[in-house]
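S.K.: Dumping the structure here so I can ask a few things about it.
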Amino acid sequence: MGYLGAFYRTYALDFWGFGESGKKRETYAVSDFVSLVNQFMEQLGIVHAPLVGHSMGGTVSLSVAIKYPERVSKVVVVGSPMVGSSLAPLLKLAGNRQIAFMLFNMMGVFRTGMRMYSPLICKDPRFPAMMDRDLSRTTVESFLRSIASLRRTDLTPMLSQIKVPAMGMYGDKDVIVHPLQWQPMISGIPHAVIERFPTAGHFPMLEEPTVFSQKLKNFLDQDFSIS
8 MGYLGAFYRT YALDFWGFGE SGKKRETYAV SDFVSLVNQF MEQLGIVHAP
58 LVGHSMGGTV SLSVAIKYPE RVSKVVVVGS PMVGSSLAPL LKLAGNRQIA
108 FMLFNMMGVF RTGMRMYSPL ICKDPRFPAM MDRDLSRTTV ESFLRSIASL
158 RRTDLTPMLS QIKVPAMGMY GDKDVIVHPL QWQPMISGIP HAVIERFPTA
208 GHFPMLEEPT VFSQKLKNFL DQDFSIS
């Protein structure tokens, strides 16, 4: 956002249960977050804009382009699952109700385990502290319930409905979402542009920030004609 903010007006939206957003809800489903994006744009008077989302945020962004096509001028996803079954096995387990309840009562242990696992997720030395900070601003309940919803999500039957310019950005060494999730994206959205990062994992914006930012800006700047 620091880079793009010099060229575009940018907004960062915290999903319910995350960051500065409210933590007391009965559900934290992908469909809730899709509705939240629409409400956010409505409240701020944003009629039509590009959406850029990382991981689950990208799945939500594509879903907004499907459900509220009038809202979206372009959509970019970064390491996002088209199919929830592409999540790493440990994440899929975390979406299980019994395991989620156990972790909900072991927040300290959960955060410690994530700190130990973090070097396998991202090579940026700042990442463990960043991830721990983000976990401290959410609840295990909202995190795991959203993962459980994401695990059940399958966008492939609806991807053909996306008519706006779309780009997928994927790290070949992703251990959170299967790194080949760009394949169902480009199969479902034939006009989609795919950018791959051979040495990056789930966070190419941290591991290859210069190349990532330039590719993203080039896509946002470009005029497209899609029939």
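The numbers in the working numbering rise by one with no breaks, and the one at position 78 of the sequence shown is 85. Quick reminder that beta carbons are idealized off the backbone N, C-alpha and C, glycines included.
Does the structure place the segment 160-178 close enough to the segment 78-95 that three or more beta carbon pairs sit under 8 angstroms?
M.R.: Short answer: they touch.
S.K.: Which of the three DSSP states is assigned to Leu162 in this structure?
M.R.: The residue given as residue 162 occupies position 155 in the sequence shown. Reduced to three states, the DSSP call for Leu162 is coil.
S.K.: Output the distance between the C-alpha atoms of Asp141 and Trp23, rounded to the nearest integer angstrom.
M.R.: As a first step, residue 141 is located in the sequence shown; it is residue number 134 there, counting from the start. As a first step, residue 23 is located in the sequence shown; it is residue number 16 there, counting from the start. Going by the C-alpha atoms only, they are around 13 angstroms apart.
S.K.: Hey, is the segment 166-176 in contact with the segment 146-153, meaning 3+ C-beta pairs nearer than 8 angstroms?
M.R.: Judged by Cβ distances under 8 angstroms, the segment 166-176 makes no contact with the segment 146-153, as fewer than three pairs qualify.
S.K.: Would you mind sorting Phe210 into buried or exposed? The rule is 16 or more other CB atoms within 10 Å of its CB.
M.R.: Position 203 of the sequence shown holds residue 210. When all chains shown are included, Phe210 counts as buried.
S.K.: Excluding the 5 residues flanking Ala56 on each side, which residues of the same chain have their C-beta closer than 8 angstroms to its C-beta?
M.R.: Position 49 of the sequence shown holds residue 56. Cβ within range, chain order: Met48, Arg78, Val79, Ser80.
S.K.: Taking only three categories from DSSP, how would you classify Val182?
M.R.: Position 175 of the sequence shown, counted from the start, is the residue given in the question as residue 182. Coil.
S.K.: Can you list, in chain order, the residues of its chain whose CB lies under 8 angstroms from that of Gly29, leaving out five sequence neighbours each side?
M.R.: The residue labelled residue 29 in the question sits at position 22 within the sequence shown. Within the same chain, Gly29 has close Cβ partners Trp23.
S.K.: Whole alpha helix (DSSP H) runs in the segment 119-177 with 4 or more residues, listed along the chain?
M.R.: Counting only runs of 4 or more, we get 134-143, 147-158.
S.K.: Under the assumption that Ile169 contacts Leu69 (Cβ atoms under 8 angstroms), give the Cβ distance between them as a whole number of angstroms.
M.R.: Here residue 169 refers to the residue found at position 162 when the sequence shown is read from its first residue. Here residue 69 refers to the residue found at position 62 when the sequence shown is read from its first residue. Rounded, the Cβ-Cβ distance is 7 angstroms, consistent with contact.
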